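Undergrad:
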Amino acid sequence: MYDGIVQELIDELGRLPGIGPKSAQRIAFHILQTETFDVTHLAEVLMTVKEKVRFCDVCGNVTEQELCNICRDPRRSAATICVVEEAKDVVAIERTREFKGLYQVLGGAISPIDGIGPDDLRIRQLMQRLADGTVTEVIIATDPNLEGEATATYLSRMLMHLDLRVTRLASGLPVGGDLEYADEVTLGRAFEGRRLVEN
Amino acid sequence: MIVTHLSLTDFRNYTTAEVPLVAGANLFVGSNGQGKTNLVESLAYLSTLGSHRVSVDHAMIRQGAEAAIIRARLENGERQILAEVQINRSSANRAQINRSVIKTRDLPRYFSSVLFAPEDLTLIRGEPSGRRRFLDELLVLRSPRLSGVIADYDRVVRQRNTLLKSARASGVKGNQLGTLDIWDDRLVDLGSQLIEARSALITELQPEVTAAYTAVAGEDHHATLASQLSIFSGSESDDAGGAALRRDIITAREAAVAFRESLVRLRRSELDRAITLVGPHRDDLVLELNGLPARGYASHGESWSFALALKLASANILRRESNMGDPVLMLDDVFAELDESRRLRLAAAVADFEQVLITAAVLDDVPAALTGNTVHIAHGTIVGSTP
Numbered sequence: 001m002y003d004g005i006v007q008e009l010i011d012e013l014g015r016l017p018g019i020g021p022k023s024a025q026r027i028a029f030h031i032l033q034t035e036t037f038d039v040t041h042l043a044e045v046l047m048t049v050k051e052k053v054r055f056c057d058v059c060g061n062v063t064e065q066e067l068c069n070i071c072r073d074p075r076r077s078a079a080t081i082c083v084v085e086e087a088k089d090v091v092a093i094e095r096t097r098e099f100k101g102l103y104q105v106l107g108g109a110i111s112p113i114d115g116i117g118p119d120d121l122r123i124r125q126l127m128q129r130l131a132d133g134t135v136t137e138v139i140i141a142t143d144p145n146l147e148g149e150a151t152a153t154y155l156s157r158m159l160m161h162l163d164l165r166v167t168r169l170a171s172g173l174p175v176g177g178d179l180e181y182a183d184e185v186t187l188g189r190a191f192e193g194r195r196l197v198e199n
Numbered sequence: 001m002i003v004t005h006l007s008l009t010d011f012r013n014y015t016t017a018e019v020p021l022v023a024g025a026n027l028f029v030g031s032n033g034q035g036k037t038n039l040v041e042s043l044a045y046l047s048t049l050g051s052h053r054v055s056v057d058h059a060m061i062r063q064g065a066e067a068a069i070i071r072a073r074l075e076n077g078e079r080q081i082l083a084e085v086q087i088n089r090s091s092a093n094r095a096q097i098n099r100s101v102i103k104t105r106d107l108p109r110y111f112s113s114v115l116f117a118p119e120d121l122t123l124i125r126g127e128p129s130g131r132r133r134f135l136d137e138l139l140v141l142r143s144p145r146l147s148g149v150i151a152d153y154d155r156v157v158r159q160r161n162t163l164l165k166s167a168r169a170s171g172v173k174g175n176q177l178g179t180l181d182i183w184d185d186r187l188v189d190l191g192s193q194l195i196e197a198r199s200a201l202i203t204e205l206q207p208e209v210t211a212a213y214t215a216v217a218g219e220d221h222h223a224t225l226a227s228q229l230s231i232f233s234g235s236e237s238d239d240a241g242g243a244a245l246r247r248d249i250i251t252a253r254e255a256a257v258a259f260r261e262s263l264v265r266l267r268r269s270e271l272d273r274a275i276t277l278v279g280p281h282r283d284d285l286v287l288e289l290n291g292l293p294a295r296g297y298a299s300h301g302e303s304w305s306f307a308l309a310l311k312l313a314s315a316n317i318l319r320r321e322s323n324m325g326d327p328v329l330m331l332d333d334v335f336a337e338l339d340e341s342r343r344l345r346l347a348a349a350v351a352d353f354e355q356v357l358i359t360a361a362v363l364d365d366v367p368a369a370l371t372g373n374t375v376h377i378a379h380g381t382i383v384g385s386t387p
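Quick mapping for you: the protein sequence lines, in order, are chains W and F. Take the first sequence: its letter number 159 is residue 159 in UniProt numbering, and every next letter is one higher. Take the second sequence: its letter number 211 is residue 211 in UniProt numbering, and every next letter is one higher.
1. Under 6 Å Cβ to Cβ from F:I69, same chain only, skipping five residues before and after it: list those, please.
2. Applying a beta-carbon distance threshold of less than 7 Å, which residues of chain W neighbour F:G279?
3. Anything in chain W within Cβ reach of F:W183, meaning under 7 Å, just list it in chain order.
4. Please report the residue range of the beta strand (DSSP E) in which residue 388 of chain F lies.
5. Would you call F:K311 buried or exposed, if buried means 16 or more other Cβ atoms sit within 10 Å of its Cβ?
6. Relative to chain W, which residues along the stretch 130-157 of chain F have a C-beta separation below 8 Å, given in chain order?
7. Spatial neighbours of F:V383 within its chain, please: C-beta separation below 7 Å, excluding the five flanking residues on both sides.
8. List, in chain order, every chain F residue whose beta-carbon is nearer than 9 Å to that of W:Y181.
9. Against F:L163, what residues of chain W qualify as contacts under a CB-to-CB distance less than 7 Å, listed in chain order?
10. Near F:E66, which residues of its chain fall below 6 Å by C-beta distance, leaving aside the five closest residues on each side in sequence?
11. Say whether the stretch 252-272 of chain F touches the stretch 135-147 of chain F, bearing in mind that this needs 3 or more beta-carbon pairs closer than 8 Å, one atom from each stretch.
12. For F:V85, report the span of its beta strand (DSSP E) as first-last.
13. Starting from the Cα of W:D183, find the closest Cα among F:R105, F:H222, F:L346, F:D181 and give me that residue.
14. At least one CB of chain F closer than 8 Å to the CB of W:E94: is that the case?
15. Kindly provide the ranges of any beta strand (DSSP E) runs that are 3 or more residues long and lie completely inside the stretch 201-250 of chain F, ordered along the chain.
16. Listed from N- to C-terminal order along the chain, which residues in the stretch 44-76 of chain W have their beta-carbon within a distance smaller than 8 Å of any beta-carbon of chain F?
17. Using a Cβ cut-off of 7 Å, pull out every chain W residue sitting near F:S166, in sequence order please.
18. I'd like the list of long-range same chain contacts for F:R125, defined as Cβ closer than 7 Å, with 5 residues on each side in sequence excluded.
19. Looking at chain F, is there any beta carbon in it that lies within less than 8 Å of the beta carbon of W:Y103?
20. Could you tell me if F:K36 is buried or exposed, where buried requires 16 or more neighbouring beta carbons within 10 angstroms of its beta carbon?
21. Could you spell out where the beta strand (DSSP E) holding F:M330 opens and where it closes?
22. Spell out the partners DSSP gives W:C82 in its beta bridges.
23. Among the residues of its own chain, which have a CB less than 7 Å from the CB of F:S322, if the five just before and after it don't count?
24. Look at the alpha carbon of F:V216 and the alpha carbon of F:R62, and state the distance between them as a whole number of angstroms.
25. Can you list the residues of chain F that W:E85 reaches, using a CB-CB cut of under 9 Å?
26. With DSSP as the reference, identify every bridge partner of F:N373, one or two as the case may be.
27. Please state if the CB of W:S111 and the CB of residue 233 of chain W are separated by a distance shorter than 8 Å.
28. Return helix, strand or coil for W:S77, following the three-state DSSP convention.
29. Do F:I150 and F:Y110 come within 8 Å of each other at the CB atom, strictly closer than that value?
30. Within a Cβ cutoff of 7 Å, which residues of the same chain sit near W:G107, ignoring the five residues on either side of it in sequence?
31. Can you give the Cα-Cα distance for F:D184 and W:L155, rounded to whole angstroms?
32. Using 8 Å as the cut-off, can you tell me whether the stretch 73-87 of chain W makes contact with the stretch 124-143 of chain W, which would need three or more C-beta pairs spanning the two stretches below that distance?
33. May I have the straight-line CA-CA distance separating F:D238 from F:R282, to the nearest angstrom?
34. Indicate, with yes or no, if the ligand FMN has a heavy atom lying under 7 Å from the CB of F:P144.
35. With distance defined between alpha-carbon atoms, name the residue in W:V90, W:P74, W:D57 nearest to residue 254 of chain W.
36. Can you round the beta-carbon distance between F:L107 and F:A95 to whole angstroms, since I take them to be within the 8 Å contact cut?
Shown next as structure tokens:
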């Protein structure tokens, strides 16, 4: 235990995701040794982020304006919506440069243990966007874990009766890797989802 | 597969221990509380990443130490493997194979063992959860993919129970509970896979158990296994009692149909009680001798024979399918529980495994055939051996 404020700093840092007690201590001492100017800048950035950053009115992505840069971009196709759990999933998909449509960021996945039900996610907003018929395909890209799958099932039921193509991202082997390094669950899933070779 | 050498550092009561082992029988002898079981516990940890005595790893670290190290030299035919695991008090455990780091959860691939312990008696006399764990552990050893299914299933049950609880608290009616259907889908899908896998395993275990029971008890008491499945029971009781016993393989498809029907039938009481009332988490493996349930009817000796038969049967199945030789058998304080004739028969039944490790407080309890390499233990040190 350190004295008062130093320990408080370590505790606060330790509450951040992915930071354990040891890392928190290292960061705290780094901050103590850093020039005051840099620390002030960091503090300002933290404050500004909380003040300025908000969620896009349309898709729920993070932005500093009413609409995020993807929803503002006229080159994006309004016919396809890709549904993801978090804003960081948007970044991941954008890195592929394969997807030219728009997004819907749900803000999590259905998980009763965490107290998250469908009403806590931006599902109603998604349904409103689908109402005018512009959208022809919804791609469900929730995480391939239990809660993500449950959310995907819930969404596909909601969308079933609409005149839409509903697709789900495939799951299986990572590309460019070796088969031998795949874990049993992934490889087992890839076996289940195997496809007929087309000639 | 055999263990040729075991080294321990700061494990339980051992500061350090160097134990050379031979193929065939190895006997650890010492008074109570000297550290015999700790030796087999350490090896069992290498193959299962768990202990039969505690559920938390740090209980295995010597008091005052920060980390325990288990290191075993393994030999499978010509192949030599050095398997190592470091159990840390305050950080993640680390594992190495031949001095290169591997994921800790991959460690059991390199070493398989079957441990017989006094706690096994709860397989016969204890709660259904112990028998489910026995089946599930064997399933995962044979088909690692199922560890994902089991973990997901358990999580679905917890999610679903939380949902039922919050529905009860807020007074929501069943038909307004839109997301319950979603969890039902996952529950049925994963649960049916588990039901099929368990029932297939039970049919495979049956002939092995019959043979092993006869081998240990000396006579055939018709030791039989059956699944008691909550999805086939009409009642709302806390276990699957009353359900018809099944001895055949139940396909996932058949299970799914019955599972759905029982969920519909029990929806009201599930909402009332806010728990998931049917599924593999409430099933039981029913053990019978001469047509009567072993739990409640079997004598002490019969119960022991049955427990040993289950373990022997699983060892035989693992041996048959293994591509790395026999699993190492470990008999922890088992002989003290058996009469003279059962001791001799158990010794004969395990004799053809590549390696057997035995612990006993009293040397005379162990049949002479198994005392070839005897290691004496006192106060957490190896005081000598008589090969």
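Idealized CB from N, CA, C, for every residue including glycine. All figures in this text were calculated on a predicted structure; none of them were measured in a lab.
TA: Put simply:
1. Apart from sequence neighbours up to five positions away, the residues of its chain that approach F:I69 with a beta-carbon distance below 6 Å are T9, Q86, ordered along the chain.
2. At a C-beta separation below 7 Å, F:G279 has no neighbours in chain W, since its nearest C-beta there lies roughly 15 Å away.
3. Neighbours of F:W183 in chain W, taken as residues whose beta carbon is under 7 Å from its own, are A150 in chain order.
4. Since the first residue of chain F shown is 1 and the last is 387, residue 388 of chain F is not available in this structure.
5. So F:K311 ends up on the buried side.
6. Here the close residues are P144, R145, S147, G148, D152, R155, V156.
7. Here the set comprises H376, I377.
8. Correct list: empty, because the minimum Cβ distance to chain F is about 10 Å.
9. Within 7 Å Cβ-Cβ: P112.
10. Cβ within range, chain order: R89.
11. The stretch 135-147 of chain F and the stretch 252-272 of chain F do not touch, with fewer than three beta-carbon pairs separated by less than 8 Å.
12. In the DSSP annotation of this structure, the continuous segment of the beta strand (DSSP E) that includes F:V85 starts and ends at 79-88.
13. Nearest of F:R105, F:H222, F:L346, F:D181 to W:D183, Cα basis: F:R105.
14. It does not; no Cβ of chain F falls within 8 Å.
15. If we require 3 residues or more, the beta strand (DSSP E) runs fully inside the stretch 201-250 of chain F come out as 224-228.
16. From the stretch 44-76 of chain W, no residue has a Cβ closer than 8 Å to chain F.
17. Correct list: P112.
18. R295, S303.
19. By this cut-off, W:Y103 is not an interface position.
20. By the neighbour-count criterion, in which a residue is buried when 16 or more other Cβ atoms sit within 10 angstroms of its Cβ, F:K36 is buried.
21. Looking at the DSSP string, the run of the beta strand (DSSP E) that includes F:M330 is 328-332.
22. W:C82 is bridged by DSSP to W:Y103, W:I139.
23. Excluding the 5 residues flanking it on each side, F:S322 has same chain C-beta neighbours closer than 7 Å at S112, in chain order.
24. Cα-Cα distance, rounded: 37 Å.
25. The contacting residues do not exist; W:E85 stays about 15 Å from chain F at best.
26. Listed as beta-bridge partners of F:N373 by DSSP are F:N26.
27. Residue numbering for chain W in the displayed model covers 1 to 199; residue 233 of chain W lies beyond these limits and cannot be assessed.
28. Here DSSP, grouped into helix, strand and coil, assigns W:S77 to coil.
29. F:I150 is positioned such that its CB atom lies no closer than 8 Å to that of F:Y110.
30. Sequence-distant partners of W:G107 (beyond 5 residues in either direction) whose C-beta falls short of 7 Å from its own C-beta, in its chain, are G60, L121, R122.
31. Going by C-alpha positions, F:D184 is about 15 Å away from W:L155.
32. A contact exists between the stretch 73-87 of chain W and the stretch 124-143 of chain W.
33. Residue confidence is low: F:D238 scores 48 on pLDDT, short of 50, so the model does not pin down where it sits. No coordinate-derived value is stated.
34. In the structure on display, the ligand FMN does not appear, and there are no ligands present to speak of.
35. Since the first residue shown for chain W is 1 and the last is 199, residue 254 of chain W is missing from the structure and cannot be characterised.
36. 5 Å between Cβ atoms; contact.
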